[in-house]
Amino acid sequence: MVITDQAKLALQDILKENGKEGIRLYSAGEGCCGPQLGLSLEDPQTTDRVEKMNGIQVAIDEQVSSIIEGITLDAEETGEGIHFVLLGLNQSC
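Letter by letter, the sequence shown follows residues 0 to 92 of numbering that gives the first Met the number 0.
As structure tokens, then:
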């Protein structure tokens, strides 16, 4: 997984505001289009793999490690604030 510079800046602000060191990617269940990926400010679980991506600590649930290969985490500014977007996630219904 790649974290864009825009997503990095947004994540750094969120992590600082919440007193957290990193993010966690986890399985949020199955949907009609395949596995659902969750992103949270939780501390790493004992079975998570922890990596630095563009300066951000990322804890990766073992159930999603193969899913995140080749995807990009980006951030978009909208009228409602910052939204995170996963680009390249192969899900088709």
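Quick reminder that beta carbons are idealized off the backbone N, C-alpha and C, glycines included.
Short Cβ contact (8 Å threshold) for residue 19 with residue 53: For residue 19 and residue 53, no; Cβs fall outside 8 Å.
Compare the C-alpha of residue 46 against each of 40, 36, 61 and 55 and name the closest. Of 40, 36, 61 and 55, the residue nearest in Cα terms is 61.
Does the beta-carbon distance from residue 29 to residue 35 come in below 8 Å? Yes, Cβ-Cβ distance for residue 29 and residue 35 is below 8 Å.
Nearest to residue 77 by CA position, among 39, 9 and 55, is which residue? Per the Cα distances, 9.
Per DSSP, what kind of secondary structure is residue 22 in: helix, strand or coil? In the structure shown, residue 22 sits in a strand (DSSP, three-state: E or B).
Taking DSSP as the reference, what is the three-state secondary structure of residue 56? In the structure shown, residue 56 sits in a strand (DSSP, three-state: E or B).
If I follow the unbroken alpha helix (DSSP H) through residue 10, where does it start and stop? Looking at the DSSP string, the run of the alpha helix (DSSP H) that includes residue 10 is 4 to 17.
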